[in-house]
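The structure appears right after this line, and notes come after that.
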Amino acid sequence: MPTNYIYILIGLLLSLQPETCAGQAYPSGEKHFPATAVINVREKYGAKGDGSTDDTQAIQQAISENIGKDRTLYFPKGTYLVTQPIKWVHIVEQDSLWRARLTIQGQSQKETIIRLKDHLSEFSNPETPKACLATGSNKVNNKESKNGGGINAFNNLIYDLTIHTGNGNPGAVALDFVGTNLAGLRNVTIVSGDGEGVAGILLKRQGAGPCLFKNVTIQGFDYGIDVYGSEYSQTYEYITLKDQKKASIRNTSNVLSLRKIRSENKNAVPVILNARRKDLKSAKRPDNYGLITLLDAEFVKNGEPATISPIVNESDTNTQAGNLYIRNVAVKGYQRTMENQSVVAKGTAIKEFVSTSVNGSASGNRADKPETFSLSIKETPQFHQNDLTQWASVTDYGASADDPNGDDTQAIQEALNSGKEVIFFPKGKFRYVISKTLVIKGNVRQLMGMQSGIDIGGKNDFSDSTQIAPVFRFEQGKHDTVYFERFNLSDERKSPFWGGVFIEHASSQVLVVKDIDNDVYARGKYFYQNTKGAGDLFLENVATIMPWNFAYAQHVWARQLNPEAHFVPLGKPIITQKGGSLWILGLKTEGPRTVLESDQGSVEVLGGFLYPVKNIQNRDLPAFISNKAKLKLTYVVNAYNPAASYTSMVSNGNKSSRKSITTDKKQFSNRGAGTAVPLYITTGEK
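Count along the sequence shown from 1, then add 1; that gives the number in this note's numbering.
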């Protein structure tokens with residue numbers, strides 16, 4: 002029989018040294034791109050980057066002219082001085098219209114600096130904070146956003162630079178961020194020159210997630226990261242926080258998945274503050290309490306030991322608080338490790354901890370005898386080719402994203418066969434059109450889309466629903482790892498795509514898929530499928546609307562995976578797994594479907610945000626199905642009414658018998674009209 006545990010370690014802190022610590026930043030270096038891949042803000046807009054010229058107007062013009070077009074603005078090394086807030090707005094006849102879909106790419110995390118001038122009156126008042134840089138959303142339901150927030154904040158991306166708020170600007174926020182589905186930061190440093198300022202990263206407007214923040218360092222400010230609101234989850238990995246004055250990370254109601262967090266602080270303040278939202282008008286709102294999943298972290302208090310706890314989980318009563326799942330955290334310089342529901346725990350490390358007392362186990366409460374499991378974690382491989390002679394543009398072989406009536410299949414395949422390591426797709430006015438399978442093999446090491454769109458031709462090889470056909474097929478090549486990055490994959494023409502699969506992994510090579518958006522018109526069979534013997538798969542910042550099919554055993558590691566169910570057939574799960582292992586840090590779903598069905602596989606979801614949105618017609622539909630599989634899950638279900646929430650959380654059994662053990666929603670704590678599941682474990686059959 003399957004063994005099911007709700008792993009409840011209320012106040013149980015095992016003072017054992019963690020296996021790893023959060024230490025060093027994730028490696029990054031300079032990034033060079035061909036001229037046709039990016040828009041250089043110096044060459045086209047006259048930005049100087051000399052540290053003394055005011056570049057505000059040049060940068061704002063560059064943003065305003067390219068916002069909403071998925072273009073990439075490139076900032077060469079230098080210090081770009083600004084004196085006013087830089088906003089992601091499109092300016093039309095004096096009206097500033099907020100927009101999304103823009104990438105800012107620096108040459109160097111350390112040496113490309115957007116710097117606020119010292120002692121600016123506009124940034125002097127912490128009660129009315131102003132952001133050095135603020136991203137935005139496209140209009141929602143045909144209405145413009147007044148403050149830039151909104152759920153259409155797609156493809157807001159910032160890479161490889163520093164944002165510096167100068168000295169004497171106590172009302173400054175370095176980055177006021179909104180971004181949804183495919184959005185986030187990678188290799189970014191945020192600094193206050195004198196330590197003053199409201200926040201390094203502020204995420205309080207609507208549309209702050211799902212998104213990924215990776216390899217980010219924040220120094221100074223009252224709050225390093227300040228999050229407010231219930232939706233739609235955020236994922237953080239390799240984050241370094243230094244010398245915040247009030248808290249390093251404050252989360253009010255949202256769902257955060259955190260790994261490799263390192264804090265170094267001379268101030269006695271919490272590193273993690275899971276705060277209670279105090280302005281709710283209805284207990285049925287989904288945003289009563291947040292969920293923080295934290296693993297592989299290191300918190301260091303310099304100077305005098307602090308009596309305050311580095312982890313504080315606020316509560317409004319002694320029986321209910323925010324939700325925490327913590328694993329492998331080292332603490333130094335604090336007299337306590339954490340405070341949960343006013344209960345203080347001491348020690349120097351947390352091996353594993355779950356915050357709430359719930360019982361979803363048919364076998365009873367096993368807090369006295371932990372029998373958990375954890376999947377091994379591999380880091381995502383990194384690659385950037387700075388030898389531009391190894392880059393080939395598909396436009397050099399005849400492809401064009403400026404011709405909406407063309408077919409680019411043959412030209413792209415010729416580029417793939419060119420012998421170059423990096424094949425890139427310059428951004429055009431429209432999309433590249435593909436009608437037949439593209440085969441990636443040989444010397445190809447990276448496909449770099451530069452946020453270009455891929456569309457399906459009217460006459461194509463993907464139209465037969467009985468014959469599965471891939472758009473991109475990865476076959477055996479010469480490199481150990483192949484990278485597929487920065488694409489928008491869709492069927493915007495609404496061409497017949499019934500047998501289409503966007504990615505087929507048909508080699509033993511490792512495949513890395515990063516910063517991919519699968520748009521709303523893609524109606525194919527699967528987004529991804531593997532073949533027998535497929536190599537490891539790494540996913541980062543991937544948003545899709547089609548099913549995933551892990552048809553053969555494979556090892557998968559995902560960071561910020563957003564698989565939505567817009568074109569997942571009724572009765573089918575969003576993700577199907579047959580054997581192998583699937584590790585996910587940060588999962589956000591959308592649509593009334595089963596999230597995952599695993600057949601004898603191993604799955605670990607560390608921080609999930611399940612959002613059915615619509616009423617679930619089949620009230621017995623489980624969120625997860627385990628067919629003799631091992632599942633370890635921490636997640637919430639976000640719902641505004643009970644009919645739009647799962648009543649069955651996890652169904653355990655096997656395909657031949659539906660006499661399964663079903664864990665009911667009532668066995669878990671509420672989160673408004675939804676559910677909070679701090680930790681669920683099923684170990685399959687004994």
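The beta-carbon is built from N, C-alpha and C at its ideal position, and this holds for glycine as well.
Note that the coordinates shown come from a computational prediction; the quantities given were computed from them, not determined experimentally.
Closest by C-alpha distance to residue i, when choosing among the options
i, options, result
"residue 561", "141, 184, 132", "184"
"residue 442", "72, 624, 65, 512", "512"
"residue 44", "409, 683, 60", "60"
"residue 528", "567, 598, 510, 536", "567"
"residue 495", "291, 434, 506", "434"
"residue 444", "468, 476, 459, 452", "476"
"residue 524", "530, 328, 464", "464"
"residue 594", "564, 607, 605", "564"
"residue 329", "312, 553, 299", "299"
"residue 221", "195, 206, 203, 399", "195"
"residue 155", "213, 126, 78, 127", "213"
"residue 486", "467, 448, 499, 462", "448"
"residue 378", "412, 411, 238", "238"
"residue 304", "268, 275, 411, 168", "268"
"residue 31", "70, 682, 68, 107", "107"
"residue 210", "216, 71, 236, 197", "236"
"residue 205", "541, 69, 152, 351", "152"
"residue 555", "548, 128, 544, 579", "579"
"residue 450", "146, 682, 71", "71"
Through-space distance from residue j to residue i, alpha-carbon basis
i, j, result
"residue 250", "residue 234", "14 Å"
"residue 654", "residue 584", "21 Å"
"residue 228", "residue 278", "11 Å"
"residue 615", "residue 416", "44 Å"
"residue 492", "residue 180", "23 Å"
"residue 669", "residue 265", "36 Å"
"residue 316", "residue 437", "57 Å"
"residue 677", "residue 39", "43 Å"
"residue 114", "residue 423", "27 Å"
"residue 581", "residue 230", "36 Å"
"residue 550", "residue 573", "11 Å"
"residue 188", "residue 62", "24 Å"
"residue 42", "residue 473", "33 Å"
"residue 207", "residue 569", "27 Å"
"residue 500", "residue 466", "4 Å"
"residue 679", "residue 353", "12 Å"
"residue 622", "residue 384", "41 Å"
"residue 498", "residue 526", "8 Å"
Which of helix, strand or coil DSSP assigns to residue i
i, result
"residue 669", "coil"
"residue 531", "strand"
"residue 676", "strand"
"residue 272", "coil"
"residue 234", "coil"
"residue 344", "strand"
"residue 101", "coil"
"residue 173", "strand"
"residue 160", "strand"
"residue 186", "strand"
"residue 471", "strand"
"residue 381", "coil"
"residue 45", "helix"
"residue 366", "Because the pLDDT at residue 366 is just 33, under 50, the model does not fix this residue reliably, and the value given afterwards should be weighed accordingly. DSSP places residue 366 in coil when its eight states are reduced to three."
"residue 152", "coil"
"residue 477", "strand"
"residue 75", "strand"
Close Cβ partners of residue i (< 6 Å) along its chain, the five nearest in sequence each way excluded
i, result
"residue 191", "164, 175, 201, 219"
"residue 1", "Coverage of the chain is limited to positions 2 through 687, which leaves residue 1 absent and any answer about it impossible."
"residue 223", "199, 246, 247"
"residue 490", "455, 503, 519"
"residue 97", "90"
"residue 158", "104"
"residue 273", "250, 312"
"residue 85", "57"
Cβ-based neighbour list, residue i, same chain, cut-off 8 Å, excluding 5 preceding and 5 following
i, result
"residue 37", "394, 396, 427"
Close beta carbons around residue i, own chain, < 7 Å, minus the five adjacent residues each side
i, result
"residue 82", "52, 53, 54, 55, 56, 116, 118"
"residue 345", "310, 337"
"residue 607", "258, 294, 296, 585, 586, 635"
Task: Residue ranges of each beta strand (DSSP E) within the region 538-595, 3 or longer - done: 538-545, 549-551, 556-564, 576-579, 582-589
Task: Residue ranges of each beta strand (DSSP E) within the region 103-142, 3 or longer - done: 103-107, 113-117, 131-135
Task: Unbroken stretches of the beta strand (DSSP E), 3 residues or longer, contained in the region 184-264 - done: 200-204, 213-220, 224-229, 235-243, 248-253
Open item on the list: Runs of 4 residues minimum, wholly inside the region 604-647: which ones carry the alpha helix (DSSP H) assignment?
Closed with: none
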